[in-house]
Amino acid sequence: MKPPIFDYVKVSTVEEATAILADSSKEAVVIAGGQSLLPMLNFRLAAPEILVDISGIEALKSLIERDNVVTIGAMTRHVDLGSSPIIARHFPVITKAVTHIAHLAIRNRGTIGGSLCHADPAAELPMMALLLNAELMVAGGKGPRTIAAKDFFQSALETDIQEGELLVSVSLPLLPPNTGWGFEEVSRKSGDFALAAVSAILVVNDGEISEARIAVAGVDETPRRMNGAEAMLRGKMLDDDHLTAVCETIQSEINPETDLQASSNYRRHLIGVLTARVLKDAFAGAGGIFE
Amino acid sequence: MDINTRPKIIGARVQRREDPRLLTGNGAFVDDRQVPGMLHLAFRRSDFGHAKILKIDTEEAASMPGIIGIYTAETLNEITKPVIAFSNMKDYQATPIRALAQDVVRYVGEPVVVVVAENRYLAEDALNEIFIDYEPLENVVDPEYAASGDAVLVHEDLKSNILVAREFERGEVDEAMSSAAIRVKGRFRSRRKTAVAMETRSYLAEFEKSSQSLTLHSSTQIPGIIRDALVDILDIPGHRLRVVAPDVGGGFGGKASLYPEEIVVTALSKLLKRSVKWTSDRMEDLMSTSQAFDEIIDAELGLDSEGNLLALSADVLGDVGAYSIYPWTAALEPIQVVSFMPGPYRLANYRGKVRGVATNKPPTGPYRGVGRPASTFVMERLMDMAAGKLGMDPAELRLKNFVVGDEFPYRIGSGIVWDKSEFSECLNKATEKLDYETLREKQRIARSQGRLMGIGIASYAELTGIGSRISAAPGMPINTGTETARIRVDSSGSVIAYFGVASHGQSLETTLAQVVAEEMGVKVEDVEVVLGDSAVMAHSTGTYASRSAVLAGGAGTLAARAVREKIVEAASLLFEVPAEEIDVYDGLIHVSGTNRKMDLRELARAVYSEMGRFTKEVRENLDLEATKLYDPYFGTTTSASHIAVVDIDPETFKVKIEQYVVSEDCGRMINPLVVDGQVHGGVAQGIGAALYEEVIHDENGQVVTASLVDYLVPSSCEVPTIDVLHADTRSPSTIGGFRGMGEGGTIGAPAAIANAVADALAPFGIEINEIPISPERLYRLIEKARNSEKD
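Residue numbers (this note's numbering), protein chains in the order written: chain Z, 103 to 393; chain D, 80 to 870.
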């Protein structure tokens, strides 16, 4: 398990990186934390000609809150995301999600940009991007552009990033007051890929759900938002019957694969169980009273 | 100090002397070793489970940069003899093992072509340019089909796929079974597992031009056996082939066999007169290191209405993979499953039947616990099923049937003899520790709240420290019953203790130093321990089968006592006092009751270096060195009871181990820290067997668990705090009273956890007959039970 031969360039600016990525004479890929790319190279599942190391680009390492938006640089490592007070204050659901990303050694190296661009359907951060209506800022190509998370993930390990483009940051609009959240994941072992994961955001005003977001991972080609179930929740209270109906709707809308670790049926079952748990948590966190 | 109040070194919690170097990254593993000009290998392995090799085209690959040579069976098997694992067992069929696959490939991952290159990267580049034409043959994957006679033969020159078979009966099983008031039975399945040592297998053959000799640095548990085998395979004199096991990062049995890659590395070094290295990557490890625990077991247990065991029958089908592994043979595991099945219980009637069947999967070999994890899983499940039918507490049923007191030595139905061991005391200590009655009450409350809490007991006994009377592997004609120690005080006064056994995590450098220090009367830090080098001992095999504390500890005791006598003799001449007045303690030699003393350095200088201290006659007979061999002949019994307490999430079916107690009788402990560490590691591997680990081959024989994403090994997050209790009763059968204990944790844990899960699911009437117990399997069992409840 040794990688095939490749060139390696460590860049210090976004422009340097995008220039190399845009040069079509050589196949270049970005290396950030290397936690997915290096195994792929060692298994010879990928054989790029150049690795463009962006870990020296200082501009990609910021995590700031401004004008009701938190902007996270693409090189932000999981460990820093998980321990950020800004994230803990505004998006505790991310703080919780990060604890499910593999193990500490991997969190010390892996980056949010790497996780989003790798787009593993069972990964936590792509699901967070969808849940939190993230906007992804991309440089290079035909000029900088912004991609909504819902358009970013196209299928397993495929994103909307085009040749010559580099993900530079992720912006998350702050959540309104009276927001609650939930996050649940089942994996075979601590740190393993999710067999199923569900996260939710509920905003509750006057005992009623005014905004509902549910995202699932590990059960489809990409992480998904459950729009039908979200619509069922808006304008409603949460009680047992309604919860059951919402969970059943979600179960009917997903089509999980059977693999070594879990069957389609078990995954669908898990999504139902976890959805009920996260919605109860989110509803309670938003001040709702479960009947 | 009074001789009786001196602090003992054996039994002390001495810090592991291995830790400082291993924890600071200063260990010296095979792959750490760099030899100028050494060559590197990469193997092209079979992509087919079963196929004829029609043609191998290496031309293009051979012309690539940095490639020194490419070898196939045609070129390499010419210079290496086949290896055959012989057995005395009736009807055993051997399968020759070759360096590279000859004509036919028999499992995915079998080495077919080897590339020799300047580095591993270039070697792997060339692998892609090797073209092999195969003619696919039927893949024999399912063991029952393989045994049926309908399947093609995995080895076409054999009579059948059944490599080994045995049947025996003691007592009147049919009669006893038909008279039994309570009968419980089941078909049990233990799934295939592999060792996953942290250090993958690694071999470096170092060619010494001046002497035209080879040193194989091997991550092996059995340097002595490997040396002797390679001498035959390569036809070179033993003095030109030395096998050294340096720091080895875990073995668990996976490094206790001879491997094709080991032969290839050594043969190429001899052929090319260059140093040659190969280190397995994880993918290769998961497809080519020996596997284990792959059995289907039909078993039935009969009891009278009082709960006394009457009769047991077991029919074991072991999937042994494609080859009968060297030196242990295909008999190793399946035979032991059936041999150990009766466990620590009084049971007059037992019939055992066993077959080991070849399939197109990697060869099986030793794995921590060998056979006993499966036999204990089955017997202890049957005991719990019987307790359920009797309405008796599982602990009570076991206590009622344990062999006790003057029933020892006790011969079980398969012929194994238990020497005295504390079966009942171990279980009683474990239930006391957990406050068992209160725990059962807590369980009743938990159940009433809809929680799935379960308590599982597993009790077992095993043979350890086996001597020359029987082989460590059934029917194997190689002597595994002796070990030798040589202890030397050199002219500087240093104490060096040489052993043939190797250490791969057992802390033998520490524990053997403790044994030698106490027996000689020196400080533990003054004893240097040398292990795992075939050049220092005329004969040794290695470390496996829970033997080294007993055998090497015994040999070390004898040699240390002999050297101590020589020290006393020399000192009595030097001090001019009778030998009885000489005392050796803490590295000092005293004349008792006086202030006359000298240290070992002074004594050694007098013995070896100083002119005129002794007469010629004395000097010729006075060295400070002794070599002693120890043979425990039968060996001894080790036993334990494990109790697991689990909580199962009633919705997700994740199993959480809340509490775990091991109460064991490993005889006299040399170092309680090391004993606890061995138990912890063993239980962790047993948890793997119970809940996580499973090597899966699809219907084409493809291994689908080829990375640690799919082959799940428990990490610290999945292993609970483990309480370890010790009976610490000396074995009556071994020098020093030691019993072997390196494997036990893995033997008890699968059964204890399976019983705890079954206990938790008792309200559904679910029995656990298959390990590992994955959440998917639980989901299916529970859904089925819930649906049949609805119907």
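Using N, Cα and C, we set each Cβ at its ideal position, and we do this for glycine too. Since we're looking at a predicted model, the values are computed, not measured.
Does any residue of chain D have a CB that is nearer than 8 Å to the CB of residue i?
{"i": "Z:H371", "result": "yes"}
{"i": "Z:K382", "result": "no"}
{"i": "Z:P325", "result": "no"}
{"i": "Z:P364", "result": "Before going further, note that residue 364 of chain Z is Ala rather than Pro in the sequence given. Yes, Z:A364 counts as interfacial toward chain D."}
{"i": "Z:Y368", "result": "yes"}
{"i": "Z:F295", "result": "yes"}
{"i": "Z:K198", "result": "no"}
{"i": "Z:V288", "result": "yes"}
{"i": "Z:S407", "result": "With chain Z running from 103 to 393 in the structure shown, residue 407 of chain Z is simply not present."}
Whole angstroms are fine: how far does the CA of residue j sit from the CA of residue i?
{"i": "D:D221", "j": "Z:A364", "result": "22 Å"}
{"i": "D:K134", "j": "D:V183", "result": "11 Å"}
{"i": "D:R684", "j": "D:A649", "result": "11 Å"}
{"i": "D:A130", "j": "D:D777", "result": "16 Å"}
{"i": "D:R266", "j": "D:E223", "result": "13 Å"}
{"i": "D:I861", "j": "D:F372", "result": "25 Å"}
{"i": "Z:E350", "j": "Z:E129", "result": "45 Å"}
{"i": "D:L652", "j": "D:R447", "result": "50 Å"}
{"i": "D:S926", "j": "D:E340", "result": "Because chain D here runs from 80 to 870, residue 926 of chain D falls outside it and cannot be looked at."}
{"i": "Z:V321", "j": "Z:S301", "result": "13 Å"}
{"i": "D:P423", "j": "D:P488", "result": "12 Å"}
{"i": "D:A638", "j": "D:Y709", "result": "10 Å"}
So is residue i in contact with chain Z if we call contact Cβ pairs under 8 Å?
{"i": "D:R353", "result": "no"}
{"i": "D:T731", "result": "yes"}
{"i": "D:P793", "result": "yes"}
{"i": "D:D326", "result": "no"}
{"i": "D:Y402", "result": "no"}
{"i": "D:Y282", "result": "no"}
{"i": "D:R271", "result": "no"}
{"i": "D:I775", "result": "yes"}
{"i": "D:E278", "result": "no"}
{"i": "D:R199", "result": "yes"}
{"i": "D:E203", "result": "yes"}
Tell me the DSSP secondary structure of residue i in three-state form.
{"i": "D:D377", "result": "strand"}
{"i": "D:S298", "result": "coil"}
{"i": "D:K677", "result": "According to the sequence shown, residue 677 of chain D is Met rather than Lys. Here D:M677 sits in strand by DSSP."}
{"i": "D:V496", "result": "strand"}
{"i": "D:F817", "result": "strand"}
{"i": "Z:N144", "result": "helix"}
{"i": "D:S454", "result": "helix"}
{"i": "D:M362", "result": "helix"}
{"i": "Z:H180", "result": "helix"}
{"i": "D:H721", "result": "strand"}
{"i": "D:Y224", "result": "helix"}
{"i": "D:K474", "result": "Per the sequence shown, the amino acid found at residue 474 of chain D is Ala instead of Lys. Correct three-state label for D:A474: helix."}
Under the DSSP definition of a beta bridge, which residues are partnered with residue i?
{"i": "D:P215", "result": "D:A130"}
{"i": "D:H776", "result": "D:V782"}
{"i": "D:P325", "result": "DSSP output for D:P325 lists no bridge partner at all."}
{"i": "D:Y424", "result": "D:F481"}
{"i": "D:I801", "result": "D:Y739"}
{"i": "D:T563", "result": "D:L708"}
{"i": "D:H119", "result": "D:A196 and D:K356"}
Does the distance between the C-beta of residue i and the nearest non-hydrogen atom of the ligand GTP fall short of 7 Å?
{"i": "D:E504", "result": "The ligand content of the structure shown is nil, which means the ligand GTP is not present either."}
Contact between the segment 284-301 of chain Z and the segment 199-208 of chain Z (3+ Cβ pairs under 8 Å) = yes
request  = Determine contact between the segment 477-492 of chain D and the segment 371-389 of chain D, defined as no fewer than three beta-carbon pairs at a distance below 8 Å.
outcome  = yes
key: Stretch-stretch touch, CB-based, cutoff 8 Å, three pairs: the segment 514-534 of chain D with the segment 829-845 of chain D   = yes
message = For the structure I just gave you, are there three or more beta carbon pairs, one from the segment 803-817 of chain D and one from the segment 731-742 of chain D, closer than 8 Å?
response = yes
message = Three Cβ pairs or more, each shorter than 8 Å: is that satisfied between the segment 666-684 of chain D and the segment 569-577 of chain D?
response = yes
query = Can at least three beta-carbon pairs, one atom from the segment 544-564 of chain D and one from the segment 582-590 of chain D, be found at a separation below 8 Å?
reply = no
task = Mind the definition here: the segment 396-406 of chain D touches the segment 161-169 of chain D only if three or more C-beta pairs lie below 8 Å; say whether that holds.
result = yes
query = Is the segment 826-833 of chain D touching the segment 452-464 of chain D, taking contact as three or more C-beta pairs under 8 Å?
reply = yes
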